[in-house]
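Written below as structure tokens is the structure these notes are about.
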Amino acid sequence: MTMPLAIFGSIGVPELIIIGIIGILLFGRRLPEIGKSLGKTIVEFKKGLNSTGDELKQAINEGDAQKNPYALNEGNKTQQPRQVKQIASSTDEP
Numbered sequence: 003m004t005m006p007l008a009i010f011g012s013i014g015v016p017e018l019i020i021i022g023i024i025g026i027l028l029f030g031r032r033l034p035e036i037g038k039s040l041g042k043t044i045v046e047f048k049k050g051l052n053s054t055g056d057e058l059k060q061a062i063n064e065g066d067a068q069k070n071p072y073a074l075n076e077g078n079k080t081q082q083p084r085q086v087k088q089i090a091s092s093t094d095e096p
């Protein structure tokens with residue numbers, strides 16, 4: 003049983019400091035621009051996830067409404083009354 007990533011252990015504070023120093027040396031003056039573009043990318047990604055989730059919920063709700071028009075939905079908390087037809091009996095009751 004091999005665990006290639008387990009031999010390295012978890013990343014601690016010294017490793018994060020070394021990664022930060024390497025990042026500053028490599029990117030230098032462009033680091034604020036990279037951070038800004040990364041932030042914008044994350045915001046756009048979250049907006050996309052939220053809109054996809056909203057569309058999915060809407061599609062599910064529309065599908066449920068088509069299957070059962072009397073199902074409870076968010077806007078209407080009461081169930082529609084059902085019409086019952088009275089069937090005439092062929093036998094006379096006293």
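Numbering (our numbering), first residue to last: 3 to 96.
Yeah, the Cβ is synthetic: ideal placement off N, Cα and C, and Gly gets one too.
In this text the structure is predicted, and so the values were computed from the model without any measurement.
- Within the stretch 9-45, the alpha helix (DSSP H) runs of at least 4 residues that lie entirely inside it are, in chain order, 15-29.
- Distance from the CA atom of GLY65 to the CA atom of LEU58, rounded to whole angstroms, is 11 Å.
- Short of 7 Å from the beta carbon of PHE29, and not among the five residues preceding or following it, lie these beta carbons of its own chain, in chain order: ILE36.
- Your pair ILE23 and LEU33 does not check out as a contact, with CB atoms roughly 12 Å apart and the cut at 8 Å.
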